[in-house]
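See structure below.
Residue numbers (UniProt numbering), protein chains in the order written: chain L, 1 to 274; chain D, 1 to 808.
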């Protein structure tokens with residue numbers, strides 16, 4: 001388990017990191033928490049010529065309140081996300097999903113932004129980012145730009161990030177008072193999800209007024225269960241309306257299609273019944 | 001020297017090994033750094049079957065830090081063939097097994113070339129600069145396809161069948177003819193089971209260091225078998241045995257996976273000889289999974305003949321056993337160890353076992369925890385459930401009707417073994433009580449009636465195994481190449497401290513603790529005063545090492561005998577010192593005394609007297625050291641009753657174990673904490689076979705489960721809190737009464753889980769589900785569809801990264 005040789009660079013600002021990326025060219029990689037990249041390096045599945053370690057960029061950590069939304073630094077660790085009160089109060093779904101990521105060691109090293117940039121469709125954090133309409137704030141040589149989650153996840157392990165760009169923050173619209181649940185099916189605790197469903201629901205006076213549902217590991221990226229969401233709006237928060245909406249999570253007859261339907265029903269039920 | 005107040009044997013002592021292991025105070029093989037040491041890296045074949053038409057090492061040789069690049073051709077004249085110590089039949093076909101492939105590769109992962117460099121980094125870098133041209137050959141993967149001999153793994157052998165081994169009770173005179181019993185049976189149950197391929201997945205990857213200094217080859221290796229390794233390295237290379245010293249330092253697990261003479265051990269030795277410098281090789285996890293031997297992999301066709309009242313009259317076993325591409329150290333014998341265990345705890349009139357060993361283009365198989373016995377136990381315990389279903393009987397009743405009764409011991413089985421002791425009634429009664437069998441049956445009935453998506457099943461496994469390998473004459477009769485005895489030495493130091501030298505080679509079992517407990521009791525010395533030395537052929541010059549749950553029953557007995565010799569001589573000397581007749585001397589609590597008087601001498605006094613030798617009886621040699629070697633007359637036969645309740649999520653196929661009771665009878669227990677640990681670890685591995693682990697290949701023969709993200713080894717988080725208890729029926733074959741516990745949990749648990757899952761869903765039309773019972777397999781079976789295969793359809797894992805061409 002020995003990686004190929006690489007240059008190791010430690011920038012002290014985001015701007016410097018971006019400059020380094022541009023200088024080192026396409027074969028440079030950003031090293032965040034290293035929980036996905038380091039195994040891949042050790043197995044020589046990737047051999048970047050340079051690693052730009054942004055682990056020291058404290059400007060990229062922490063959760064801030066921005067009024068209607070939260071701004072989560074890309075280098076905020078899973079452990080920090082789990083314990084953050086703003087996340088708990090305004091993006092409960094994100095907290096519940098983060099609770100299920102790997103194990104405590106990984107959660108202390110791995111970062112929210114790193115997981116999103118890795119874009120493993122079996123990774124847990126893509127689905128809630130998509131479901132909660134998160135917006136990626138990206139720094140590049142030409143300044144900053146914003147990309148909605150729906151456009152950020154392009155394909156297997158592929159995002160809208162250009163080779164010389166860095167994800168700096170993730171803006172997550174507040175979902176204050178929404179109930180939420182992450183229903184995850186995996187074979188052992190350390191394994192990726194076979195399928196998982198991230199669901200957040202807003203219920204007022206017994207009626208579902210809004211729903212946000214993201215599916216993990218059913219395609220080349222996270223999938224929004226938009227049909228289910230729209231079928232729920234205006235319906236009473238009952239088992240019947242949930243089950244009739246959940247079947248819209250997938251129309252196929254394969255195993256994962258079945259899981260998408262079953263786990264969507266369970267996620268919604270757990271969210272609604274708390 | 002003070003006497004120990006309470007007996008050490010039976011005490012739940014914490015392991016004396018653990019402090020150094022847990023705090024990083026030990027040295028593993030990979031920690032060794034020797035002056036001038038070189039590092040070896042191994043290039044492995046990416047294809048499963050091919051002719052090597054060219055190997056170009058010119059670019060690799062020119063890489064920084066590279067001292068030497070070697071191909072199979074470079075070593076062809078000196079590497080010989082890796083040893084197979086168990087030719088099971090006279091006409092067994094065995095291919096030459098080069099450590100480094102010369103002109104052909106026969107499995108993906110086979111070693112093709114070596115880089116020796118000044119650092120592990122430089123060695124790894126140069127590997128990718130070696131160009132090998134492969135002319136690919138048809139790949140043989142499937143057992144049933146392999147026996148048709150359409151494509152051959154080894155063309156020169158003319159067949160993929162290595163050997164066929166038969167045991168027949170009518171021929172052996174141990175029972176009737178199974179075909180007669182089948183013909184006249186009121187019920188015949190026939191089933192086919194697949195034992196999937198498993199990977200031992202020991203925690204410490206393999207590592208070897210060879211130092212050729214000072215006219216000796218010192219070999220450090222993460223091995224279970226330093227003594228056998230020394231013998232075999234000498235036999236293969238021609239290096240005189242006394243010029244090889246093998247050291248197994250602390251070794252991080254083996255499970256049979258380090259019961260091997262590996263290509264890399266041999267290659268390090270050859271390279272060290274060639275270079276005149278120390279050489280180290282340490283594998284990566286993926287390398288380990290691609291090249292260290294695998295386990296299990298059998299296709300089992302089982303026929304059971306019975307009467308309508310549930311009495312089994314005959315058992316016929318027809319096996320295809322996958323050897324992989326080569327016969328390693330005991331590869332051919334692993335399925336044969338199972339031959340004696342398919343009849344398990346039962347009294348069958350007739351038994352026939354036929355096993356065909358088959359070559360495929362896969363990693364060689366060999367010993368893996370249980371080795372032959374889990375396969376046998378699985379098959380018979382599944383069949384007892386199938387018979388119960390066929391007859392509409394309670395599965396425990398069917399077992400009870402057929403098992404050997406306590407008062408019938410010793411009992412000679414239809415497979416020809418004599419079980420010395422056992423009490424299946426007691427173990428089962430205790431297990432049923434702890435499990436709340438009736439309560440769970442009621443809950444099961446309720447959920448069935450409700451049509452709950454979460455169905456409950458109950459699985460039984462009443463098992464026995466043959467342990468304490470092994471009586472040497474039996475091994476000889478089975479054509480095994482070595483004996484089964486074990487040896488121990490006790491050195492009485494002048495200060496009264498004790499050194500114990502054992503021929504067993506612990507790699508996680510806790511021998512240092514238990515051997516100290518045994519000696520403390522026997523000699524009346526404090527536990528802390530005993531040091532156990534092992535795993536170095538220079539200090540422990542002979543031994544048969546550790547595997548097959550043998551160490552305590554065989555090696556522990558040798559230790560008892562050595563202690564008896566120490567005491568016998570000490571008693572003579574004590575009598576001399578106390579000027580009395582030896583028949584008047586008593587030994588208790590570490591001191592000799594003259595019966596009926598207050599005269600006494602501590603063992604320490606006697607040891608010192610023997611050491612200084614100023615006044616010894618006429619003809620007595622100085623010193624009290626003693627050696628003993630024990631060759632058992634019989635195997636030992638642990639048994640137990642395991643009960644497993646699972647909850648099957650019929651909507652997702654997910655299986656959850658909701659209660660697991662293991663009542664084991666391992667004979668007299670030396671240290672209950674260690675026994676519990678062995679049972680827990682064994683259960684984890686057996687349950688893993690039922691639910692999680694499987695070595696999978698694509699159609700080209702590439703291992704697709706070559707990381708621990710893809711090969712699912714469960715952790716404590718995935719397992720229930722086990723309810724364990726014991727009954728104690730001492731073995732009569734050794735003075736400790738010990739039967740062995742290293743493999744019990746693994747052997748017993750797999751069928752308990754599978755029986756449980758099937759019991760949960762049988763009423764929904766499911767007849768069988770292949771192992772591992774993944775959620776997808778269970779769900780697919782519930783849909784009435786065929787087995788989905790062992791695909792990666794539903795897996796997340798690093799395999800998914802690889803499938804994307806290595807991008808991330």
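Each residue gets a CB set at the ideal place from its N, CA and C atoms; glycine is no exception.
Bear in mind that the values here come from a model prediction, so they are computed numbers and not experimental data.
Cβ-based neighbour list, residue i, same chain, cut-off 8 Å, excluding 5 preceding and 5 following
i: residue 466 (chain D); result: 337, 340, 341, 373, 417, 635, 636 and 637
i: residue 571 (chain D); result: 582, 585, 587 and 592
Min CB distance residue i to chain L below 8 Å
i: residue 124 (chain D); result: yes
i: residue 501 (chain D); result: no
i: residue 780 (chain D); result: yes
i: residue 204 (chain D); result: no
i: residue 647 (chain D); result: no
i: residue 690 (chain D); result: no
i: residue 629 (chain D); result: no
i: residue 278 (chain D); result: no
i: residue 459 (chain D); result: no
i: residue 145 (chain D); result: no
i: residue 400 (chain D); result: no
i: residue 464 (chain D); result: no
i: residue 118 (chain D); result: no
i: residue 826 (chain D); result: Residue 826 (chain D) falls outside the range modelled here, since chain D spans only 1 to 808, and no answer is possible.
i: residue 857 (chain D); result: In this structure chain D extends from 1 to 808, so residue 857 (chain D) is not present and cannot be described.
i: residue 1 (chain D); result: Because the pLDDT at residue 1 (chain D) is just 42, under 50, the model does not fix this residue reliably, and the value given afterwards should be weighed accordingly. For residue 1 (chain D), the answer is no, since every Cβ of chain L falls outside 8 Å of its Cβ.
i: residue 222 (chain D); result: no
i: residue 718 (chain D); result: yes
Residues that residue i bridges to, as DSSP identifies them
i: residue 281 (chain D); result: D:208
i: residue 592 (chain D); result: D:587 and D:601
i: residue 464 (chain D); result: D:639
i: residue 224 (chain L); result: L:214
i: residue 813 (chain D); result: This structure does not reach residue 813 (chain D), given that chain D is present from 1 up to 808, and the question cannot be answered.
i: residue 220 (chain D); result: D:209 and D:247
Close beta carbons around residue i, own chain, < 7 Å, minus the five adjacent residues each side
i: residue 811 (chain D); result: For residue 811 (chain D) there is no data in the structure shown, the boundaries of chain D being 1 and 808.
i: residue 66 (chain D); result: 60, 115, 117, 122 and 126
i: residue 257 (chain D); result: 200, 202, 292, 293 and 368
i: residue 649 (chain D); result: 453 and 454
i: residue 3 (chain L); result: 41, 42 and 44
i: residue 555 (chain D); result: 486, 488, 502, 503 and 504
Within-8 Å CB hit, residue i to chain D
i: residue 131 (chain L); result: no
i: residue 190 (chain L); result: yes
i: residue 255 (chain L); result: yes
i: residue 276 (chain L); result: Residue 276 (chain L) lies beyond the residue range present for chain L, which begins at 1 and ends at 274; the question has no answer from this structure.
i: residue 4 (chain L); result: yes
Same chain, Cβ closer than 6 Å to residue i, five either side skipped, listed in chain order
i: residue 380 (chain D); result: 342 and 344
i: residue 795 (chain D); result: Any reading at residue 795 (chain D) needs caution, since the residue's pLDDT is 45, under 50, leaving its predicted position unreliable; the model's value is listed next. If we look at residue 795 (chain D) and ignore the five residues flanking it on each side, it has no Cβ neighbours.
i: residue 155 (chain L); result: 220
i: residue 135 (chain L); result: 146, 148 and 171
i: residue 196 (chain D); result: 694 and 771
i: residue 80 (chain D); result: 236
Min CB distance residue i to chain C below 8 Å
i: residue 194 (chain L); result: Structure shown: chain C not included; protein chains present are L and D.
Quiz item: Is the region 433 to 443 of chain D touching the region 341 to 351 of chain D, taking contact as three or more C-beta pairs under 8 Å?
Solution: no
Quiz item: For the region 69 to 157 of chain L, which segments carrying the alpha helix (DSSP H) assignment without a break, of at least 4 residues, lie completely within its bounds, in sequence order?
Solution: 78 to 83, 85 to 90, 92 to 99, 104 to 109, 112 to 118, 126 to 131 and 149 to 152
Practice problem: For the region 207 to 218 of chain D and the region 288 to 306 of chain D, state whether three or more C-beta atom pairs, one from each stretch, are separated by less than 8 Å. | Solution: no
Quiz prompt | Length at least 4, wholly inside the region 603 to 631 of chain D: the alpha helix (DSSP H) runs in chain order | solution = 603 to 612
Quiz prompt | the region 750 to 766 of chain D contacting the region 777 to 789 of chain D, beta-carbon criterion three pairs below 8 Å | solution = yes
Self-check item: Cβ contact check for the region 134 to 147 of chain D and the region 69 to 78 of chain D: 3 or more pairs under 8 Å
Solution: no
Practice problem: Pair every Cβ in the region 121 to 141 of chain L with every Cβ in the region 189 to 204 of chain L, then say whether three or more of these pairs are closer than 8 Å. | Solution: yes
Exercise. Would you check if there are 3 or more beta carbon pairs closer than 8 Å linking the region 177 to 186 of chain L to the region 64 to 84 of chain L?
Key: no
Quiz item: Using 8 Å as the threshold, is the region 670 to 690 of chain D in touch with the region 9 to 16 of chain D, meaning 3 or more CB pairs across them?
Solution: yes
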